[in-house]
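*Asks:* First the structure, then my questions, so here it is.
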Amino acid sequence: MKPLLLTVLAAYVVAAIHAILAFVNKRRTLERITLGSLAFGFVLHTISMITDWTEEGHYPLFGLRETLSFLAWTLVATYGLVLYRYRTQALGSFTLPLVAVLTFIASIARDTSDAASNTVTDVGSAWLFPVHTTLLIFAYAAFFVVFISSIMYLLQERELKLKTFSAIFHRLPSLTTINNIATTAVGIGWTLLTLGILTGMIWSSSRDNRLWHNDPKEIFAALTWLLYLALVLYRATAGWRGRRAAWMGVAGFALVLCTFFGARLLGGYHVFG
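In this text, residue positions in the sequence shown follow our numbering: the first is 465, and each later residue adds one.
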């Protein structure tokens with residue numbers, strides 16, 4: 465476990481705990497501690513990844529350890545953008561615990577990045593690989609926002625339907641805000657996924673003259689692309705902004721998990737994720 469990443473983990477754990485406490489108690493002091501710890505951890509995390517990039521000589525997105533670390537960093541960056549745009553910290557109580565878990569796993573995972581990077585950097589157009597993977601990781605982060613927004617929508621709608629108005633009702637954003645977050649996130653996520661798939665196909669073609677390998681990750685990515693395309697179109701044309709869209713957002717993230725983790729277990733062409 466690298467000392468700098470251990471410090472990052474500690475900062476994220478503090479942020480996650482205080483985000484949950486802030487969600488329960490809704491105290492400004494807890495929110496400030498959350499943001500302070502998160503910002504501190506994010507800066508150190510950025511430095512850690514740049515240091516790894518410099519020392520190891522390859523982009524920090526090879527192997528499980530680097531991929532999970534990069535995903536955690538991306539989730540923090542994405543959460544920061546949502547917080548800046550919509551001024552709601554409720555998302556943090558769902559996101560930051562996952563960030564802490566991903567960082568912990570990354571800190572103890574076996575490093576296999578050198579073997580993986582050698583299979584990529586030795587071929588032409590190797591510069592496309594970091595572009596391809598970065599686009600996909602940010603797409604996954606955006607889809608996580610869609611997933612959490614969908615969960616929040618279903619919880620909030622249930623409160624309104626039953627007219628219970630418990631503490632959760634007062635902690636979550638309005639249905640309108642949740643819908644706006646989900647609509648923006650799904651549009652951005654689908655665009656990034658499209659660009660990620662296209663750059664991957666171009667890179668694959670330059671590597672071995674094949675656009676498609678029938679790889680499990682490629683198949684799951686194609687299914688994910690189709691599902692989120694349907695969600696984007698339905699939100700834009702059919703006015704899907706309620707329960708149906710929320711459940712579709714949940715189903716879409718199940719495919720994302722299959723793409724990111726399940727396909728890795730099935731083996732195949734890809735060396736990352």
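For each residue, glycine too, the CB sits at the ideal point set by N, CA and C.
(1) Could you give the DSSP three-state label for Ser-630: helix, strand or coil?
(2) Would you check if the distance between the CB atom of Leu-719 and the CB atom of Thr-688 is smaller than 9 Å?
(3) Quick check on Val-488: buried or exposed, where buried means 16 or more other Cβ atoms within 10 Å of its Cβ?
(4) Does the region 626 to 642 come close enough to the region 655 to 669 that 3 or more CB-CB pairs lie under 8 Å?
(5) Put Phe-526 into one of helix, strand or coil per three-state DSSP.
(6) In terms of alpha-carbon separation, which member of Tyr-476, Thr-518 and Leu-562 lies closest to Phe-506?
(7) Looking only at C-alpha atoms, which of Leu-528, Thr-658 and Val-546 sits nearest to Leu-599?
(8) Judging by CA-CA distance, which residue of Arg-496, Ile-572 and Ile-615 is the nearest neighbour of Gln-553?
(9) Cα separation between Arg-551 and Ala-646?
(10) Mark Lys-627 as exposed unless 16 or more other C-beta atoms lie within 10 angstroms of its C-beta, in which case mark it buried.
(11) Taking Val-610 as the reference, give the member of Tyr-692, Pro-524 and Leu-494 with the closest Cα.
*Replies:* The answer reads as follows:
(1) As a position in the sequence shown, residue 630 is number 166, starting the count at 1. If DSSP states are grouped into helix, strand and coil, Ser-630 belongs with coil.
(2) Counted from its first residue, the sequence shown places residue 719 at position 255. Counted from its first residue, the sequence shown places residue 688 at position 224. Contact: yes.
(3) Position 24 of the sequence shown, counting from 1, holds the residue named residue 488. Answer is exposed; the Cβ neighbour count stays below 16.
(4) no
(5) Locating residue 526 in the sequence shown gives position 62, counting from the first residue. Coil.
(6) In the sequence shown, residue 506 corresponds to position 42, counting from 1. Nearest option by C-alpha distance: Tyr-476.
(7) Within the sequence shown, residue 599 is the residue found at index 135, counting from 1. Closest option to Leu-599, Cα to Cα, is Thr-658.
(8) Within the sequence shown, the letter at position 89 stands for residue 553. Of Arg-496, Ile-572 and Ile-615, the residue nearest in Cα terms is Arg-496.
(9) Here the question's residue 551 lines up with position 87 in the sequence shown. Here the question's residue 646 lines up with position 182 in the sequence shown. Taking the straight line from one Cα to the other gives about 15 Å.
(10) The count along the sequence shown starts at 1 and reaches residue 627 at position 163. Answer is exposed; the Cβ neighbour count stays below 16.
(11) The residue labelled residue 610 in the question sits at position 146 within the sequence shown. Closest by alpha carbon: Tyr-692.
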